[in-house]
Amino acid sequence: MRCLLLAGVPALALACGGEGLPDVPLKLSKNCNEVEVEVLAARVGAGAGEEVLDVAADGSLGTTAWVLVRRTAAAGDVAVVQRIGAAGIELELELPTDASASLSLSPAPETGQVWVVRDEPSRYELWRVAPDDPLRPLLASDDFSSFPASGSACPGCESEWPRRLFFLPSGPALVSLPPSSEDAALVVIVAPLYMDGAEIVLAGPENILNFQPPCEAGNSPEAELFCEEQRMNLRYPAITVLGIQQDPRQLSTTLFGHRTRAQSYDGETFPLESSDTFMVTLSLGSNGVPVGVLRSYSGFYVGVYEGPIGDDSIPPLPTADPPYGMAIDRFTTYGLFSHGGRLARLVKLPDRDPEFVELSDRVPLPLDTSLLQLDLDVALGRLVDGAWEITKLFPDDPSQSRVLLYGEGARIERVVSGGIGTFMLRKQDAPPEVVRVRCAELGMDGETGPDEVGG
Numbered sequence: 000m001r002c003l004l005l006a007g008v009p010a011l012a013l014a015c016g017g018e019g020l021p022d023v024p025l026k027l028s029k030n031c032n033e034v035e036v037e038v039l040a041a042r043v044g045a046g047a048g049e050e051v052l053d054v055a056a057d058g059s060l061g062t063t064a065w066v067l068v069r070r071t072a073a074a075g076d077v078a079v080v081q082r083i084g085a086a087g088i089e090l091e092l093e094l095p096t097d098a099s100a101s102l103s104l105s106p107a108p109e110t111g112q113v114w115v116v117r118d119e120p121s122r123y124e125l126w127r128v129a130p131d132d133p134l135r136p137l138l139a140s141d142d143f144s145s146f147p148a149s150g151s152a153c154p155g156c157e158s159e160w161p162r163r164l165f166f167l168p169s170g171p172a173l174v175s176l177p178p179s180s181e182d183a184a185l186v187v188i189v190a191p192l193y194m195d196g197a198e199i200v201l202a203g204p205e206n207i208l209n210f211q212p213p214c215e216a217g218n219s220p221e222a223e224l225f226c227e228e229q230r231m232n233l234r235y236p237a238i239t240v241l242g243i244q245q246d247p248r249q250l251s252t253t254l255f256g257h258r259t260r261a262q263s264y265d266g267e268t269f270p271l272e273s274s275d276t277f278m279v280t281l282s283l284g285s286n287g288v289p290v291g292v293l294r295s296y297s298g299f300y301v302g303v304y305e306g307p308i309g310d311d312s313i314p315p316l317p318t319a320d321p322p323y324g325m326a327i328d329r330f331t332t333y334g335l336f337s338h339g340g341r342l343a344r345l346v347k348l349p350d351r352d353p354e355f356v357e358l359s360d361r362v363p364l365p366l367d368t369s370l371l372q373l374d375l376d377v378a379l380g381r382l383v384d385g386a387w388e389i390t391k392l393f394p395d396d397p398s399q400s401r402v403l404l405y406g407e408g409a410r411i412e413r414v415v416s417g418g419i420g421t422f423m424l425r426k427q428d429a430p431p432e433v434v435r436v437r438c439a440e441l442g443m444d445g446e447t448g449p450d451e452v453g454g
């Protein structure tokens, strides 16, 4: 199925089928403004010859998590998946593959399961680990490096289409989009997966979502012609994935990206550069076929930029340089991006609302900031002198956001996110620690957050 979704201008989006986005009444979030850190495992991968490669959440409220371990054995390195908790290793399963650094974990929608991803330029494989499934505790996939079939294969080069695992209500799926586009369209390709016996395979043909800048109907013939000419002269020389939703339990999944624009007039390239960030929200249509909505944002930075990028009176362009990332709470999707890695920006996009909201002037955003995915909540994190500084973002009133400094034991050198509030803290001269970050307070209704914010 080819689904035409019109997009490409800031803060504009149309749903598949042209129905648009319904009005949504204003809601105040119930997000908390303070977090606490719970230790799930004080030491992981502490055995001889072990290295922890990645971490993933195991549900949202339990006391366990998943880690991926590379273990040196007599016959060579092996890859091991472990479910760990306060009591140590609860179970362990060795993968039938070599322990490549290209392996990573992806949390599953269900507690008690986790996914392993091998992502290489000419090799893309999946394993579903489900120890409680008596018939299929470990499922392997085909090599999906040929996905998408409509994208040109480019083994070993940087122009290959990136692939991401995500989850629809019908089950796991793959999504990919091109590294560039020679016309005004942004193509997003989705392929659902299903379990065929003891193997994970593609479920039928690829679903192509084709986003193009809209030309409004009903204008004069001259205006329509001018709009069509502009669209014909637009292309995207670089498209970069900046993040994908880490919470797989939701009915929809959002992908966050950046694209540079190039336009030409009368055959001549327009000299001014342009770029934006965009969010594509993927879900299942009423007929069970994947659909999506694209919303884009360039905006103007509301603060004062002091730096060497161009004229200070002209806001610098969004770029694909770090810091960047995305997270969701109950009502909103957040995107963190930068201008050349010199100025960080934070925006939020309420569900079913085409308008992005800029939070950059209301939240401190050092360039070493990371956007943290909690359990239907968000925070900002950075390392300060070997400790982890966590700012619990309270979006309704960022001034009420509170800061926690966590630094138990050895100096923390890196924080690895496992989704849904689960993180691995890599330490100096010490094994990693796995923790959960969660709201520190519960209100009378079981929700968290300051009282009577917004009246």
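If you count the sequence shown from 1, position 416 lands on 415 in numbering that gives the first Met the number 0, and the numbers rise without skipping. Backbone N, C-alpha and C define an ideal beta-carbon position, used for all residues, glycine too. Since the structure is predicted, the reported quantities are computational estimates derived from the model, not experimental observations.
Cβ shell of residue i (< 8 Å), same chain only, five flanking positions each side left out
i: residue 136; result: 92, 128, 129 and 130
i: residue 205; result: 146, 147, 148, 149, 188, 189 and 190
i: residue 368; result: 322, 335, 343, 379, 380 and 381
i: residue 99; result: 78, 117 and 119
i: residue 365; result: 343 and 381
i: residue 263; result: 232 and 269
i: residue 87; result: 40
Within 9 Å, strictly: CB atoms of residue i and residue j
i: residue 370; j: residue 333; result: yes
i: residue 328; j: residue 394; result: yes
i: residue 298; j: residue 355; result: yes
i: residue 179; j: residue 236; result: yes
i: residue 250; j: residue 283; result: yes
i: residue 70; j: residue 429; result: no
i: residue 273; j: residue 316; result: yes
i: residue 346; j: residue 359; result: yes
i: residue 97; j: residue 78; result: yes
i: residue 103; j: residue 122; result: no
i: residue 222; j: residue 192; result: no
i: residue 125; j: residue 243; result: no
i: residue 118; j: residue 201; result: no
i: residue 56; j: residue 64; result: yes
i: residue 106; j: residue 229; result: no
i: residue 326; j: residue 372; result: yes
Which of helix, strand or coil DSSP assigns to residue i
i: residue 326; result: strand
i: residue 31; result: coil
i: residue 112; result: coil
i: residue 224; result: helix
i: residue 397; result: helix
i: residue 307; result: Here residue 307 scores only 49 on pLDDT, less than 50, and its place in the model is too uncertain to base an answer on.
i: residue 372; result: strand
i: residue 245; result: coil
i: residue 351; result: coil
i: residue 230; result: helix
i: residue 163; result: strand
i: residue 289; result: strand
i: residue 142; result: coil
i: residue 96; result: coil
i: residue 186; result: strand
i: residue 136; result: coil
i: residue 203; result: coil
Same chain only: Cβ atoms within 7 Å of residue i, ignoring 5 sequence neighbours per side
i: residue 181; result: 234
i: residue 434; result: 36, 37, 38, 39, 422 and 424
i: residue 526; result: The chain is shown only over 0 to 454; residue 526 falls outside these bounds and no answer can be derived.
i: residue 168; result: 250 and 283
Beta-carbon proximity list for residue i, same chain, < 6 Å, skipping 5 on both sides
i: residue 397; result: 361 and 362
i: residue 415; result: 54 and 423
i: residue 479; result: The shown model of the chain, from 0 to 454, leaves out residue 479, and the question about it has no answer.
i: residue 437; result: 420
i: residue 139; result: 126
i: residue 374; result: 59, 419 and 420
Residues that residue i bridges to, as DSSP identifies them
i: residue 424; result: 414 and 432
i: residue 65; result: 55 and 82
i: residue 106; result: 113
i: residue 118; result: 123
i: residue 381; result: 388
i: residue 257; result: 239 and 276
i: residue 455; result: The question about residue 455 has no answer, for the chain in this structure spans 0 to 454.
i: residue 438; result: 34
Residue i CB to nearest heavy atom of the ligand MG below 8 Å
i: residue 32; result: Ligands displayed in this structure: none; no statement on the ligand MG is therefore possible.
**Study point:** Cβ contact (3+ pairs, closer than 8 Å) linking the segment 255 to 272 and the segment 156 to 175
**Key:** no
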